[in-house]
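To start, the structure under review is shown below, and the notes come after it.
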Amino acid sequence: MQRTTGWWTTGILCLAMAACGVLTASCDQGGTDEQPAGGKAAAGKKVVVGFSQIGAESAWRTANTESIKTEAAKRGIDLRFADAQQKQENQIKALRSFIAQGVDVIAFSPVVETGWEPVLREIKKANIPVVLSDRAVDVTDDSLYVTFIGSDFVEEGRRAANWLVKASGGKALIAELQGTPGSAPAIDRKKGFEEVIAAHPDMKIIKSQTGDFTRAKGKEVMESFLKSPEGKQITALFAHNDDMALGAIQAMEEAGVKPGKDMLIVSIDAVRGAFEAMVAGKLNCTVECNPLIGPQLFDAVEALMAGKSVAKRVVINESVYEQAQAAEVIKTRKY
Ligand code: AHR
């Protein structure tokens, strides 16, 4: 039997028991015949974690990568980090290579929601626990991962829409820059936003296209929106992330449109660039999506290594920032 079998089984059992409300103290203490309480780290061996990152499409992603690498180094974890350059096939290859390397835990941020089941089954067969970081997967069997640590993207979409309802008085013709097609944040943010504006008959999305979460694409798509027959009617922009909004702001300025004035702009992430744009009066609101989740990620890894149970879902606490707060908040912004 492989070394990991005992605590994988214990973890799953703990989750099942927790779900039934019968989690016992002994389950939480950790320690099986194969994995002593205190786990591998206590035994003086380095914990090995394979992490497949999506890429470096946005300032958010760069901060997320930094948080993960810094936290791993701080805790003495042997992190095998792979950058998938935006491609699911590269992520699947990386996950298979982590199996071959016999890592202790596999973590990844899935570029899209679907298509993971076969590789997740291979990982489960190898008795390696999976931690989903930042984005969810769409699978029929949720025992294929141990925990999902990330934001509530639907709520972020709702928050953006609620801000726009208030700022526009419930009247807006909206252009939407969507994130990567098929990704959890693109699907969920759209859903949350549309759910709120559905109650406001004078709010309508009149243009919507993907900008793939990048500044360059955000600019390119906004240029085409502005040149389209509906271009002059647009009164507001909802961008699924700050990078696309920042690209769109450039496109507006080049087209003689005053961002943040002629057009209300709300986006998601709350990265430093968004605060700078708010201080300059060019962006109106940013909804926070916190990328600094390295500590929670490795808390879960260490709990698993110690044979402890982990919550199936860890939601990150986040805020909404408006222009008026930007000058003050930017002073302490970490990313
Ligand atoms: O999954 C989180 C999203 O991915 C962030 O909003 C975006 O900036 C990133 O690329």
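Be aware that the sequence shown starts at 2, since it is given in the working numbering, and climbs by one per residue.
No residue lacks a Cβ here, since even glycine has one placed at the ideal position from N, Cα and C.
(request) Compute the Euclidean distance between the alpha carbons of Arg-62 and Gln-87, then round it to the nearest angstrom. (result) 11 Å
(message) Between the region 220-235 and the region 191-200, can you find at least three pairs of beta-carbon atoms closer than 8 Å?
(response) no
(message) Please tell me whether, using a cut-off of 6 Å, the distance from the CB of Pro-230 to the nearest non-hydrogen atom of the ligand AHR is below it.
(response) no
(request) With hydrogens ignored, establish whether the beta-carbon of Asn-242 is closer than 6 Å to any heavy atom of the ligand AHR. (result) yes
(request) Please look up how many angstroms separate the CB atoms of Lys-126 and Asp-79, rounded, as I've assumed it's under 8 Å. (result) About 23 Å separates the Cβ atoms of Lys-126 and Asp-79, ruling out a contact at the 8 Å cut-off.
(request) Answer yes if the region 315-330 comes into contact with the region 101-116, meaning at least three C-beta pairs across the two stretches below 8 Å, and no otherwise. (result) no
(message) By alpha-carbon positions, which one of Arg-81, Cys-290, Gly-295 ends up nearest to Asn-361?
(response) There is simply no residue 361 to check, as the chain begins at 2 and stops at 336 in what is shown.
(request) Decide yes or no for the touch test of the region 136-153 against the region 105-117: beta carbon pairs closer than 8 Å, at least 3 of them. (result) Judged by Cβ distances under 8 Å, the region 136-153 makes contact with the region 105-117, as three or more pairs qualify.
(message) List, from N- to C-terminal side, the beta strand (DSSP E) runs of 3 residues or more that fit wholly inside the region 40-70.
(response) 49-54
(request) Could you have a look at Arg-334 and say whether DSSP puts it in helix, strand or coil? (result) coil
(message) So for Ala-176, helix, strand or coil by DSSP?
(response) Note: Ala-176 maps to strand in three-state DSSP.
(message) Tell me whether the region 165-181 and the region 208-218 touch, counting them as touching only if at least three CB pairs, one residue from each stretch, are closer than 8 Å.
(response) yes
(request) Using only alpha-carbon positions, find the residue among Lys-191, Met-245, Arg-314, Met-204 that is nearest to Ala-217. (result) For Ala-217, the closest of Lys-191, Met-245, Arg-314, Met-204 by C-alpha to C-alpha distance is Met-245.
(request) Would you mind stating whether Thr-287 and Ser-310 have Cβ atoms separated by less than 7 Å? (result) no
(message) Could you check whether Val-131 and Ala-301 sit closer than 7 Å to each other, using their CB atoms as the reference points?
(response) no
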